[in-house]
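**Student:** Structure provided below as structure tokens; questions to follow.
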């Protein structure tokens, strides 16, 4: 481990520590926004662990997230609460493995469409099961407060950042970068590309399901159409790309401004939030192809050139 | 006679009704350079792609050190000791030059990782003549240097057999001399090489043996001088007398 590694780890721990102190300052509106940010930070960062290096754009976040909320919805009365995120993570990983084995042979746009369809498929199955059993939505009434959820998310964020940091230094992370550059070369270099992709997709799916399980008490009432809302998948993709997937902190740099803007717009013009999504997308495509990370690196490079 | 590294037996490849390769038989010995030559569309690349695991033969067997590799996925054949370059150079544009070579060392036949892999990659880049260019972005390399990096990547797994698919194509006359000398020096290191090539000078000066293919079948085998004097080979390249 180099000196920079130690410094970066220290900085990350410090930042998370400060973030964890927030509920002591405010437990109302600010905490609510911070919880949303923490949720999207975890989702977008874990999304980028897989989609960043491979360039496979997954719109399946909502499927895993929804699965997680249902785990809590079905289990919170019978099981201790702390087991639910773990169960959700396990189920998310299994679902991701199944989906990954089928779809990761697909490339480009076919993969995108399939993952989008996946959330819808899971939602329809859940609705069908509920109709058969005469259930409708579920109430998740617990004593868990916003503050508890926030701390859980901060803890999960720490795990995700650490995992991302370790993966980036591992052969698996290197294999994923090679796959993202040229899958044919990857195969001929001796990489089991299907296995590498499925493994990382499982990490990303497990985290999203875990987040869903943690967030369920916040929604109080869960039904398939909100738990599996495709909007969530798009928000995660846009935030991650806006921040940039080239660095581990990239998605975070997208989540903060995007969540604030989203909040501002939904308070003042609730019907225009989709417009923000569209505009952010245009901004990424035309102005910020590498997100804020790309911009930062360009500026840094120019600064260095002038420094010479 | 040196040990047989690669045995190709009765290998056939059909694409639907088209037979691209039919009943190919040849051996490659240790420390030998074997050229697969023939006119365009004669099935050379298909043959190479079957050895490297890009696709499975429809029939027949390919053995590497006695182990069957026919039909195994590309990452398995790579791990077992087959490395290749591509007809159209394929580098990893977002990675540095050194990382491009480490990519070949980290997952293949003889695995290296971390500082060891990096040092090995630098040594190989030096070996293929990259000199001071190794800190340049991949996108700004000259054509011959992209070929050098790709070659170093293939060498990085210390393969049992190295497949060079028209590695010398597209080089200008000066670069061609450098390229031929480089490949010859690899053979002197004791590598086993199969090359698919159109450049006759290279075939004459590099190959110990040539396998000549035409319309998917082997029409001749022998030293370059022998096969290039063979009537059937001349007919395959230049057309039959009555057409001329």
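Residue numbers (this note's numbering), protein chains in the order written: chain A, 14 to 321; chain B, 40 to 283. By construction, the Cβ of each residue, glycine as well, lies at the ideal position given by its N, Cα and C atoms.
So which residues of chain A does residue 123(B) contact, with C-beta pairs closer than 9 Å?
**Tutor:** In chain order: 201.
**Student:** Would the region 44 to 57 of chain B count as touching the region 99 to 109 of chain B if we require 3 or more Cβ pairs under 8 Å?
**Tutor:** In short, these stretches touch, since the Cβ pair count reaches three.
**Student:** Near residue 52(A), what residues of its chain come up, given a Cβ to Cβ distance below 7 Å and the 5 sequence neighbours on each side ignored?
**Tutor:** So the list reads 166, 224, 228, once near-sequence residues are dropped.
**Student:** For the region 31 to 79 of chain A, list the alpha helix (DSSP H) runs that are entirely contained and at least 4 residues long, ordered along the chain.
**Tutor:** Runs of the alpha helix (DSSP H) inside the region 31 to 79 of chain A: 42 to 67.
**Student:** Going along chain B, which residues have a C-beta under 7 Å from residue 191(A)?
**Tutor:** 131, 142, listed in chain order.
**Student:** Can you check DSSP and say which residues form a bridge with residue 204(B)?
**Tutor:** 235(B).
**Student:** Any heavy atom of the ligand SAM closer than 7 Å to the beta-carbon of residue 278(A)?
**Tutor:** Ligands displayed in this structure: none; no statement on the ligand SAM is therefore possible.
**Student:** State yes or no: is the beta carbon of residue 152(B) nearer than 8 Å to at least one beta carbon in chain A?
**Tutor:** Taking Cβ atoms only, chain A reaches closer than 8 Å to residue 152(B), which makes this a yes.
**Student:** What is the residue span of the beta strand (DSSP E) that residue 223(B) lies within?
**Tutor:** Not the beta strand (DSSP E): residue 223(B) falls in the alpha helix (DSSP H), residues 212 to 227.
**Student:** If we count the other Cβ atoms within 10 Å of its Cβ and call it buried at 16 or more, is residue 59(A) buried or exposed?
**Tutor:** With 16 or more Cβ atoms within 10 Å of its Cβ, residue 59(A) is classed as buried.
**Student:** Say whether the region 246 to 264 of chain A touches the region 103 to 112 of chain A, bearing in mind that this needs 3 or more beta-carbon pairs closer than 8 Å, one atom from each stretch.
**Tutor:** No: fewer than three Cβ pairs fall under 8 Å.
**Student:** DSSP state of residue 60(B), grouped into three classes?
**Tutor:** DSSP places residue 60(B) in strand when its eight states are reduced to three.
**Student:** Could you give the uninterrupted runs of the alpha helix (DSSP H) lying entirely in the region 147 to 210 of chain B, keeping only those of 4 residues or more?
**Tutor:** As far as the region 147 to 210 of chain B is concerned, its whole alpha helix (DSSP H) runs of at least 4 residues are 153 to 166, 182 to 194.
**Student:** Does any residue of chain A have a CB that is nearer than 8 Å to the CB of residue 146(B)?
**Tutor:** Yes, residue 146(B) lies at the interface with chain A (some Cβ there is under 8 Å from its Cβ).
**Student:** For a test of the three-state rule: what should DSSP assign to residue 248(B), helix, strand or coil?
**Tutor:** It is a strand residue.
**Student:** Comparing alpha-carbon positions, which option in 64(A), 271(A), 98(A) lies nearest residue 211(A)?
**Tutor:** The residue with the shortest Cα to Cα distance from residue 211(A) is 64(A).
**Student:** Leaving out five residues on either side along the sequence, give the residues of the same chain with a beta carbon under 6 Å from the beta carbon of residue 203(B).
**Tutor:** Closer than 6 Å at the Cβ level, and outside the excluded window around residue 203(B), lie 124, 234.
**Student:** Looking at the unbroken alpha helix (DSSP H) that takes in residue 4(A), where does it start and where does it end?
**Tutor:** It is not possible to answer for residue 4(A), since the shown part of chain A is limited to 14 through 321.
**Student:** Quick one: is residue 61(A) near chain B, going by C-beta distance under 8 Å?
**Tutor:** No, no contact with chain B.
**Student:** Going straight from the alpha carbon of residue 143(A) to that of residue 69(A), what length do you get?
**Tutor:** Distance between the alpha carbons of residue 143(A) and residue 69(A) is about 33 Å.
**Student:** State yes or no: is the beta carbon of residue 306(A) nearer than 8 Å to at least one beta carbon in chain B?
**Tutor:** Not an interface residue.
**Student:** Do residue 230(A) and residue 153(A) have their CB atoms nearer than 8 Å?
**Tutor:** Cβ atoms of residue 230(A) and residue 153(A): closer than 8 Å.
**Student:** Taking only three categories from DSSP, how would you classify residue 111(B)?
**Tutor:** Coil at residue 111(B), not helix or strand.
**Student:** By how many angstroms is the C-alpha of residue 17(A) removed from the C-alpha of residue 24(A)?
**Tutor:** Those two C-alpha atoms are separated by around 10 Å.
**Student:** Relative to the alpha-carbon of residue 121(A), which residue among 193(A), 177(A), 34(A) has its alpha-carbon at the smallest distance?
**Tutor:** Taking only the C-alpha atoms, the option nearest residue 121(A) is 193(A).
**Student:** Give, in chain order, every residue of the region 166 to 196 of chain A whose Cβ lies closer than 8 Å to some Cβ of chain B.
**Tutor:** Result list: 184, 187, 188, 190, 191, 193, 194, 195.
**Student:** Spell out the partners DSSP gives residue 50(B) in its beta bridges.
**Tutor:** The partner list for residue 50(B) (beta bridge, DSSP) reads 63(B).
**Student:** Since residue 9(A) and residue 131(A) should fall inside the 8 Å C-beta cutoff, what is the C-beta to C-beta distance between them, to a whole number of angstroms?
**Tutor:** Since the first residue shown for chain A is 14 and the last is 321, residue 9(A) is missing from the structure and cannot be characterised.
**Student:** Taking the alpha carbon of residue 262(B) as the reference point, which residue from 108(B), 75(B), 60(B) has its own alpha carbon closest?
**Tutor:** Considering only alpha carbons, the answer is 75(B).
**Student:** Kindly indicate which three-state DSSP category residue 233(A) falls into: helix, strand or coil?
**Tutor:** Coil at residue 233(A), not helix or strand.
**Student:** Out of 90(A), 101(A), 302(A), 261(A), point me to the one whose CA is closest to residue 22(A)'s CA.
**Tutor:** The option with the nearest alpha carbon to residue 22(A) is 261(A).
**Student:** I need the DSSP call for residue 20(A), collapsed to helix, strand or coil.
**Tutor:** Residue 20(A): helix per DSSP, three-state reduction.
**Student:** For a test of the three-state rule: what should DSSP assign to residue 82(B), helix, strand or coil?
**Tutor:** Correct three-state label for residue 82(B): coil.
**Student:** Taking the straight line between their C-alpha atoms, what separation do you get for residue 32(A) and residue 266(A)?
**Tutor:** C-alpha separation (whole angstroms): 15 Å.
**Student:** Quick one: residues in its chain with C-beta nearer than 8 Å to the C-beta of residue 88(B), no 5 flanking neighbours on either side, listed in chain order?
**Tutor:** Counting only Cβ-Cβ distances below 8 Å, and skipping sequence neighbours, we find 94.
**Student:** Along the chain, where does the alpha helix (DSSP H) that runs through residue 136(B) open and close?
**Tutor:** First-last of the alpha helix (DSSP H) with residue 136(B): 136 to 145.
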